[in-house]
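Chains as they are written, first to last, in the working numbering: chain A, 2 to 333; chain B, 23 to 337; chain C, 253 to 581.
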Amino acid sequence: MTTQLPLPDGLADLPPGAPGTTAPPSGRRTGWRAVLPTWTPKLAIGLGLVAAVALFGLLGPLLAGDPNTIRNIGLTGPSGDHWLGTTQTGQDVLDQLTRATRGSLQIGLFVGVLATALSALVGVVGGYAGGLVDEAFSLLSNVMLVIPGLPLVIVISGFVPAEQRGSWTVVLVLALTGWASAARVLRAQTLSVRNRDYVAAAKVAGEKPWRVICVEILPNLLPVLASQFVFSVVAAILSEAGLSFLGLGASNSSTLGTMLYFAQNGFALQRDAWWWFVPPGLIIAALGCGLALVNLSLDEIINPRLRRPGRRRNTPEKADRSPNHAVRSTAA
Amino acid sequence: MTTHNPPPRTAPPAPDAARPVLTVRDLNVVYRGDRTVHAVKDVSLTLHRGEILGLAGESGCGKSTLAYAVNRLHEWPAEVSSGTVTFHDRDGHDLDLLALRDEELRRFRWSKLSMVFQGAMNALNPVTTVRAQLEDVLTTHRPGMSKQQRRARCAEVLDLVGVEPGRMHSYPHELSGGMRQRVMIAMALLLDPQVMIMDEPTTALDVLVQRGILREILRLRDELGFAVVFITHDLPLLLELSDRIAVMLRGEIVEYDTAETLYRHPRHPYTRQLLESFPSLTGERGAFLRATGPASPPAAGPAPHDQARPAGSTR
Amino acid sequence: MRYYARKTGFYLVALWAAVTLNFFIPRMMPGNPVDILMAKLQQRGGTVGPSVRRSYELLLGADHSDSLAQQYLSYLNNLLHGDFGISVSAYPAKVSDVIGQSLPWTIALVGLATLISFVLGLTLGALVGWKRGSWLDSIIPGTTVLAAVPYFWLALILAALLSSTLNWFPLLGGYDVTYDIGWNWDFVSSAVQHGILPALTIVISSVGGWLLGMRNMMVSTAAEDYILTARAKGLRNRRVMIRYAARNAALPSVAGFATSLGFVVSGSVMTEQVFSYPGIGGRLLQAVENNDYALMQGIFLVITVAVLGANLLVDLLYGLIDPRTRAGN
Numbered sequence: 002m003t004t005q006l007p008l009p010d011g012l013a014d015l016p017p018g019a020p021g022t023t024a025p026p027s028g029r030r031t032g033w034r035a036v037l038p039t040w041t042p043k044l045a046i047g048l049g050l051v052a053a054v055a056l057f058g059l060l061g062p063l064l065a066g067d068p069n070t071i072r073n074i075g076l077t078g079p080s081g082d083h084w085l086g087t088t089q090t091g092q093d094v095l096d097q098l099t100r101a102t103r104g105s106l107q108i109g110l111f112v113g114v115l116a117t118a119l120s121a122l123v124g125v126v127g128g129y130a131g132g133l134v135d136e137a138f139s140l141l142s143n144v145m146l147v148i149p150g151l152p153l154v155i156v157i158s159g160f161v162p163a164e165q166r167g168s169w170t171v172v173l174v175l176a177l178t179g180w181a182s183a184a185r186v187l188r189a190q191t192l193s194v195r196n197r198d199y200v201a202a203a204k205v206a207g208e209k210p211w212r213v214i215c216v217e218i219l220p221n222l223l224p225v226l227a228s229q230f231v232f233s234v235v236a237a238i239l240s241e242a243g244l245s246f247l248g249l250g251a252s253n254s255s256t257l258g259t260m261l262y263f264a265q266n267g268f269a270l271q272r273d274a275w276w277w278f279v280p281p282g283l284i285i286a287a288l289g290c291g292l293a294l295v296n297l298s299l300d301e302i303i304n305p306r307l308r309r310p311g312r313r314r315n316t317p318e319k320a321d322r323s324p325n326h327a328v329r330s331t332a333a
Numbered sequence: 023m024t025t026h027n028p029p030p031r032t033a034p035p036a037p038d039a040a041r042p043v044l045t046v047r048d049l050n051v052v053y054r055g056d057r058t059v060h061a062v063k064d065v066s067l068t069l070h071r072g073e074i075l076g077l078a079g080e081s082g083c084g085k086s087t088l089a090y091a092v093n094r095l096h097e098w099p100a101e102v103s104s105g106t107v108t109f110h111d112r113d114g115h116d117l118d119l120l121a122l123r124d125e126e127l128r129r130f131r132w133s134k135l136s137m138v139f140q141g142a143m144n145a146l147n148p149v150t151t152v153r154a155q156l157e158d159v160l161t162t163h164r165p166g167m168s169k170q171q172r173r174a175r176c177a178e179v180l181d182l183v184g185v186e187p188g189r190m191h192s193y194p195h196e197l198s199g200g201m202r203q204r205v206m207i208a209m210a211l212l213l214d215p216q217v218m219i220m221d222e223p224t225t226a227l228d229v230l231v232q233r234g235i236l237r238e239i240l241r242l243r244d245e246l247g248f249a250v251v252f253i254t255h256d257l258p259l260l261l262e263l264s265d266r267i268a269v270m271l272r273g274e275i276v277e278y279d280t281a282e283t284l285y286r287h288p289r290h291p292y293t294r295q296l297l298e299s300f301p302s303l304t305g306e307r308g309a310f311l312r313a314t315g316p317a318s319p320p321a322a323g324p325a326p327h328d329q330a331r332p333a334g335s336t337r
Numbered sequence: 253m254r255y256y257a258r259k260t261g262f263y264l265v266a267l268w269a270a271v272t273l274n275f276f277i278p279r280m281m282p283g284n285p286v287d288i289l290m291a292k293l294q295q296r297g298g299t300v301g302p303s304v305r306r307s308y309e310l311l312l313g314a315d316h317s318d319s320l321a322q323q324y325l326s327y328l329n330n331l332l333h334g335d336f337g338i339s340v341s342a343y344p345a346k347v348s349d350v351i352g353q354s355l356p357w358t359i360a361l362v363g364l365a366t367l368i369s370f371v372l373g374l375t376l377g378a379l380v381g382w383k384r385g386s387w388l389d390s391i392i393p394g395t396t397v398l399a400a401v402p403y404f405w406l407a408l409i410l411a412a413l414l415s416s417t418l419n420w421f422p423l424l425g426g427y428d429v430t431y432d433i434g435w436n437w438d439f440v441s442s443a444v445q446h447g448i449l450p451a452l453t454i455v456i457s458s459v460g461g462w463l464l465g466m467r468n469m470m471v472s473t474a475a476e477d478y479i480l481t482a483r484a485k486g487l488r489n490r491r492v493m494i495r496y497a498a499r500n501a502a503l504p505s506v507a508g509f510a511t512s513l514g515f516v517v518s519g520s521v522m523t524e525q526v527f528s529y530p531g532i533g534g535r536l537l538q539a540v541e542n543n544d545y546a547l548m549q550g551i552f553l554v555i556t557v558a559v560l561g562a563n564l565l566v567d568l569l570y571g572l573i574d575p576r577t578r579a580g581n
């Protein structure tokens, strides 16, 4: 076994701001403790936002009326009866919003799970196996990364007749086109974990490769996996909204994207019916922000340097070197 | 100091004892945080002109923090809570380093006190040439110099440390660890400083290269007369190199004496521990470096183990 | 030298992958696109000769007389000659002509806006990362919000505010259609005027990502030993920040710029849809709406080639700014 340390492709090859661009914390962290970020206001706000949107999408449809009920009070503003007003055809915007939020969350989750699984398969297995497998898998993910995603999705959607374009098609297409960047990040992390002593020890002890991957490597990748999952959920929800807005979304489901599509086609903004157009975007923004804040907290596990110096537990023990770790200058 | 008779190794205090160049008095450095950590406690040291002062201790004992605080390179959350650092300039002026304003501090750095970091690691900017990083110093501190003068000075210092001046066009990754360290030393020499702080300058290098560089430091010190604060965890190395040694433990200086006394009569148990924990590199301590330094007469002891000098070290 | 060879080789593989994907997608999909196309063509009064049908069949794969391998070879041959077939939606224009007309608009608008966003994001990110802990940190939450908002939503609201309500900018189109296209003052100024709002929306929605990435790298870089050396050298703060910290921190962003170009093109589809801009993204959507498969595929290929080419360019440039890559690994 070689102890040679293959550097993960170098910073050069990673997308900006990707986690994994810096050395992972040395020393072994045990699985779940490593995934649990320290409790910060940032994390609290993030989780709060995500929970609020999730509850809204989960419980909202149970409490709300039928979103498709048509009334003859088209485009009326918010009132006591209709908190968020009505659409062109008098449908209640709030009722629609609950249903659409649920639809978007579903698609986001499914795509997130699928894309993360795919990226873990390609990234972790490639990074661990090395050699030709790694070359092939890297090439595959790099090619997927440079082929422009949305045009590809549009072309695929264009060939699928609208009546056959269900939410599963959309999920599949988004997952298949959205796993590549996560795979690269995971590969880089796998490379660095692979060479740690306890992994070498497990290999010498004759553990089977899949066991080494599952028991020794994956737990160490959990923070990265979690952050990539969160990232792909956000990306999926945004992409789905974009596709639906272009009229290429799922035909059988209602999402925040389709809602915006109908609002735009009903000239909601031109008719000053902001209550129809603004809320779906705000929900996406709230969810995206919440998940991004959660991700920032995850990043701080992956890359402790991003923490505010001196606030966390990492400084005192390293007193001798920490002049290097702090950033704010006393001279400034 | 070249006019002086170099003191024999057995004689106590350092050369030029009457003329200190750097005085640290009751310095305290703390790290602010959830729990305040006292990294440097009531440290008092005097560095004399031309002296090599060794600062020994294990990692985390606060020796680097102390060295950085002297040049005010420490950063928040590190903070000097009390004490003074005074620089006694060649022309007789005293500078209170902790009271310098930003611009004064910037001018002071490198021109009077330069530093040598672990060049073998990451102390050189990876994306610009050695020349650019050398000339950087001159364009900032000596704006009057012409391009030719700058170029000539860079070549001169590289030559001084035994690096072929043509190598100045290289990027750091094209140089070996030893070469990078020599470049770092050359850079530290550029402005003819009075004090040089060396933070583990030879730690990442193999023994042979390490020797060549230590010899070079001694020779340059003898020729140019700057004082050195040499920081390392390697006490035996300091015994060979330093005039005086301060041993640090958990932020405090537990022993501070001439190398000779410290070696023969260590008083603090920690010093004794440190002395015992390192196997002697050369068989007999104090032999191989001092023996070849031009200004130091051979120390008592067996013949120097003068291995073939690394190619770049001859001059 | 190996670095350049490797990069060029990679992009050739990627190009081949895209071309092949383009060949197989219509063949794997349900429905018979050729019949739809021919019907459309007849509606428009096109003469449907067997040669036209044949060229569509090659492109879309409804021809069962040839083997798949033969189809693939003829398809490659047609592509090499720049023959993408005839557009249905813009009948009787050739696909290549339609693309040629709309591509410059996209390159000018999206290319410029992206460059501005990149430079702006890196500059701000370097500042925010360097002065960490100061008031500048308060920019970060704002960028997080911007990154989470759907682009088209933001663009439409901005358009409603700045254009419909305040009347600062023209709302739709790429230029005032009363002017002739050409290098005359009226047309150019009208084009610039029409471009500002779409460009603004692109910059606003994408600058946050660059800013955040650069800021994080800047924070990591500030902890490097060579920054400490630079400060100990008594260099001015600005010089340390630019020559030492930002110069190194920008490397991943520059490399990321290449990968982001794909997203840029994706963004152009949205932008052009929102503002009815006469670029290639808008054309792609029209092609999809009209089942103009030939145009669809042609545009996809052109976009891919453009993105790959730009990627290659950025990668080669990267070799210049990071000396370590040239050494080869």
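C-beta atoms are modelled at their ideal positions from N, C-alpha and C, and glycine is treated no differently.
Cβ neighbours of L388(C) within its own chain (closer than 8 Å, five residues either side excluded): L379, V380. Judged by DSSP secondary structure, F252(B) falls within the beta strand (DSSP E) whose first and last residues are 249-254. In the three-state reduction of the DSSP assignment, A286(A) falls in the helix class, which pools H, G and I. For K346(C), DSSP records a beta bridge to I338(C).
CA-to-CA, the gap between S80(A) and A274(A) works out to about 13 Å. Around the Cβ of H195(B), a 10 Å sphere holds fewer than 16 other Cβ atoms; the residue is exposed.
G188(B) is classed as exposed because its beta carbon has fewer than 16 other beta carbons within 10 Å across all chains shown. If you draw a straight line from the Cα of F527(C) to the Cα of V216(A), it comes to about 52 Å. For M466(C), the uninterrupted alpha helix (DSSP H) run begins and ends at 437-474, by DSSP.
Within chain C, the C-beta atoms nearer than 9 Å to that of L247(A) come from F404, V521, M522, Q525, L537, V540, in chain order. In the DSSP assignment, A226(B) falls outside any beta strand (DSSP E) and carries neither an H nor an E. In this model, L361(C) and G571(C) are separated by some 27 Å (Cα to Cα).
Neighbours of L146(B) in chain C, taken as residues whose beta carbon is under 9 Å from its own, are D477, Y478, T481 in chain order.
At a cut-off of 7 Å between beta carbons, F252(B) makes no contact with chain C. About 5 Å separates the beta carbons of F275(C) and Y327(C), which is inside the 8 Å limit, making them a contact pair. Taken atom to atom, the span from the alpha-carbon of S240(A) to that of L175(A) is near 8 Å. A distance below 6 Å between beta-carbons, with the five flanking residues on each side excluded, links F138(A) to the following residues of its chain, in chain order: V123, G127. The stretch 507-523 of chain C makes contact with the stretch 147-160 of chain A: 3 or more CB pairs, one atom from each, lie closer than 8 Å. DSSP places M220(B) within a strand segment (E or B) once states are collapsed to three. Annotation: the continuous alpha helix (DSSP H) that includes L59(A) extends over 42-64.
Against M137(B), the close residues of chain C are A484, in the order they occur along the chain (beta-carbon pairs closer than 7 Å). By alpha-carbon distance to D64(B), the top candidate from G72(B), A249(B), N147(B), S103(B) is S103(B). Of the candidates N143(A), R100(A), P220(A), R100(A) places its Cα closest to the Cα of S255(A). In the DSSP annotation of this structure, the continuous segment of the alpha helix (DSSP H) that includes I368(C) starts and ends at 364-382. Judged by their CB atoms, L69(B) and V92(B) are not nearer to each other than the 7 Å cut-off. L503(C) sits close to D574(C), with the two beta carbons spaced by under 7 Å. Residue contact check for P278(C) against chain A: a CB pair falls below 7 Å. For I285(A), the closest alpha carbon among the candidates I214(A), F263(A), A251(A), A237(A) is that of A237(A). In the DSSP assignment, no residue is bridged to H195(B). Residue environment: D228(B) is assigned as exposed (fewer than 16 neighbouring CB atoms within 10 Å of its CB, all protein chains considered). Distances from the alpha-carbon of W357(C) to those of G337(C), N329(C), L289(C), I448(C) put I448(C) closest.
Under a criterion of Cβ atoms nearer than 8 Å, no residue of chain B is adjacent to Y255(C); the nearest Cβ is some 14 Å distant. Listed in chain order, the alpha helix (DSSP H) runs fully inside the stretch 135-195 of chain A are 150-160, 168-178, 181-195, counting runs of at least 4 residues.
In this structure S182(A) is not in contact with I108(A), their Cβ atoms being roughly 19 Å apart against a cut-off of 8 Å. Selection L297(B), F130(B), M209(B) evaluated against E262(B) yields L297(B) as nearest (Cα-Cα). Taking L273(C) as reference, the option from G363(C), T556(C), A411(C), R495(C) with the minimal CA-CA separation is T556(C).
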